[in-house]
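In what follows, a single structure is set out as structure tokens and then discussed.
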DNA sequence: CAGTGGTCTAGACCACGTA
DNA sequence: ACGTGGTCTAGACCACTGT
């Protein structure tokens with residue numbers, strides 16, 4: 025029902041449309057109409073006011089990127105940008121003490137490390153390192169990883185593990201030597217760091233990700249409602 | 025109904041609770057139960073799988089801050105932190121050319137400028153400048169602004185204007201002279217900048233905000249589902 | 001197969017703005 | 001007084017998962 029409503033409301037567009045009208049127009053009961061309107065409201069296409077009505081939100085030109093987990097390359101490419109990614113390194117490694125603490129691992133546990141450089145027009149944009157606490161038989165090679173552009177998709181299809189939530193920390197910092205070298209900037213230049221704890225649907229902490237972004241030319245955009 | 029469910033599900037807690045059980049336990053029909061469960065799922069307290077059941081998400085200790093619009097001081101204070109704010113400056117001003125373009129203003133229109141410094145334990149943490157395209161009769165003084173900790177609350181109570189959405193851009197940069205001075209850091213030190221376009225419920229672009237955060241000691245945290 | 005959540009019907013009453 | 005969205009009742013059928 026929601027799909028029909030989206031198109032239909034796009035057509036007649038601006039003025040408004042009450043639940044009653046939609047019930048009659050689509051010959052359905054009130055429940056699906058309400059659900060559809062609820063979803064449209066949640067997504068920011070309309071806003072609703074009790075006793076007043078439902079009003080379309082005007083001129084939302086493009087849907088903002090939002091905060092996808094591990095879909096940056098695909099997103100940028102969808103925008104028509106020349107975005108590629110290159111696996112710097114991937115291996116099963118012993119986590120550092122710090123990482124053990126974050127992920128609650130025992131010393132001796134191994135994690136899958138994936139270090140990836142995302143390039144925009146051949147120029148380094150982001151250096152992302154993911155550490156995943158997953159079974160040993162999930163060890164994709166470089167070629168596979170570069171093909172899918174995100175480990176998380178592979179995790180879903182091969183292991184049935186869905187990353188459903190991320191706790192993000194964003195901060196600015198100065199690039200250290202390694203970061204500067206990979207990103208092609210100078211030591212101490214400002215960088216934007218996003219660190220994310222990754223959770224599955226049942227809230228199991230399954231990994232951690234650290235993404236270092238070039239400060240110039242990169243702005244991280246998203247929309248927050250409410 | 026949702027409130028009862030939250031407490032009730034907190035009690036019996038871990039195992040699970042089907043819609044049917046809740047219907048019987050609370051002597052209500054399925055609709056409100058479903059709505060309540062939907063909300064709990066949206067907020068990340070439970071996750072639901074078709075034909076399997078509803079499962080509580082384990083150990084969500086504190087609700088993450090999220091991206092409140094203009095509630096930072098209050099939020100930090102709620103955490104028990106010594107957070108205060110100081111109005112650096114407030115006035116009706118002529119927007120710069122750049123700001124005119126962003127807000128779609130005509131030259132000659134005035135905007136309300138509010139420059140505020142947020143301090144954590146007496147030390148500068150964030151410098152936030154808000155520019156609001158609002159009626160002339162809304163001109164709160166410094167005292168009022170410092171009392172409420174956010175212009176947005178005043179906007180709601182005095183003008184009935186609700187800020188319901190923000191388009192954020194986050195990036196790292198080096199502090200310029202003015203920023204460095206206000207934040208007590210050195211010129212060129214990394215800072216985290218959050219620029220936000222502010223929208224009302226009917227999607228009218230009503231203002232713009234630029235917040236410059238000290239890079240050290242400050243991490244911007246939030247949670248993204250899906 | 002029985003049980004789950006996802007969707008739907010066809011009603012009902014309420015709180016709240018607008019006129 | 002009327003129309004709006006918010007909430008609720010009491011049913012129904014379906015797709016899917018587990019046994």
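Protein chains in written order, with this note's numbering: chain E, 25 to 250; chain A, 25 to 250. Here a beta-carbon is modelled for each residue, glycine too, at the ideal position from N, C-alpha and C.
Taken atom to atom, the span from the alpha-carbon of residue 122 of chain E to that of residue 128 of chain E is near 10 angstroms.
Nearest to residue 69 of chain A by C-alpha distance, out of A/211, A/60, A/81 and A/165, is A/81. Classified as buried, residue 154 of chain E has 16 or more neighbouring CB atoms from the shown chains inside 10 Å of its CB. Contact annotation for residue 225 of chain E against chain A: 71 [CB-CB distance below 7 angstroms, chain order]. The beta carbon of residue 197 of chain A falls within 7 angstroms of a beta carbon belonging to chain E, placing the residue at that interface. The alpha-carbon separation between residue 191 of chain E and residue 59 of chain E amounts to approximately 28 angstroms. Under a 10 Å Cβ-count criterion, residue 239 of chain A is classified as buried, with 16 or more other Cβ atoms of the shown protein chains found around its own Cβ.
For the segment 176-222 of chain A, the full-length alpha helix (DSSP H) segments reaching 4 residues or more read 201-207 along the chain. The shortest C-alpha to C-alpha distance from residue 233 of chain A to any of A/72, A/139, A/79 and A/98 is the one to A/139. The segment 157-173 of chain E and the segment 105-116 of chain E touch, with no fewer than 3 CB-CB distances between them shorter than 8 angstroms.
For residue 233 of chain E, the enclosing beta strand (DSSP E) begins and ends at 229-238.
Here residue 105 of chain E is exposed, its C-beta having fewer than 16 other C-beta atoms within 10 Å.
In the DSSP assignment, residue 147 of chain E falls within the beta strand (DSSP E) that extends over 147-156.
Neighbours of residue 216 of chain E in chain A, taken as residues whose beta carbon is under 8 angstroms from its own, are 194, 195, 196 and 216 in chain order. Around residue 136 of chain E, the same chain offers 116, 156 and 158 as residues with beta carbons nearer than 6 angstroms, after the five sequence neighbours per side are excluded. In the three-state reduction of the DSSP assignment, residue 80 of chain E falls in the strand class. Taking a beta-carbon distance threshold of 7 angstroms, residue 81 of chain E counts as an interface residue toward chain A. The distance from the Cβ of residue 215 of chain E to that of residue 197 of chain E is about 6 angstroms, consistent with a contact at the 8 angstroms cut-off. Unbroken alpha helix (DSSP H) runs of no fewer than 4 residues, entirely contained in the segment 97-136 of chain E, are found at 121-127, following chain order. Residue 141 of chain A is bridged by DSSP to A/110 and A/151.
Within 10 angstroms of the beta-carbon of residue 51 of chain E lie fewer than 16 other beta-carbons, which makes it exposed.
For the segment 171-185 of chain A, no residue has a beta-carbon sitting nearer than 9 angstroms to a beta-carbon of chain E. Cα atoms of residue 245 of chain E and residue 213 of chain E: separation of roughly 21 angstroms, rounded to the nearest angstrom. For the pair residue 222 of chain A and residue 209 of chain A, the CB atoms are not nearer than the 7 angstroms cut-off. The residue among E/118, E/145, E/193 and E/195 with its C-alpha nearest the C-alpha of residue 132 of chain E is E/118. The straight-line gap separating the alpha-carbon atoms of residue 201 of chain E and residue 211 of chain E is approximately 6 angstroms.
Within chain E, no C-beta atom comes nearer than 8 angstroms to that of residue 231 of chain A; the closest sits roughly 15 angstroms away. Judged by their CB atoms, residue 235 of chain E and residue 152 of chain E are nearer to each other than the 7 angstroms cut-off. A distance below 7 angstroms separates the beta carbons of residue 43 of chain E and residue 57 of chain E.
In the three-state scheme derived from DSSP, where H, G and I count as helix and E and B as strand, residue 162 of chain A is classed as coil. The C-beta separation of residue 206 of chain A from residue 148 of chain A comes to about 6 angstroms, placing the pair in contact by the 8 angstroms criterion. Take residue 72 of chain A, set aside five residues on each side of it, and the residues of its chain with a beta-carbon closer than 8 angstroms to its own are 61, 65, 78 and 79, in chain order. Residue-level contact check: residue 239 of chain A touches chain E, since one or more beta carbons of chain E fall below 7 angstroms from its beta carbon.
68: these are the residues of the segment 37-70 of chain A whose beta carbon lies less than 7 angstroms from some beta carbon of chain E, given in chain order.
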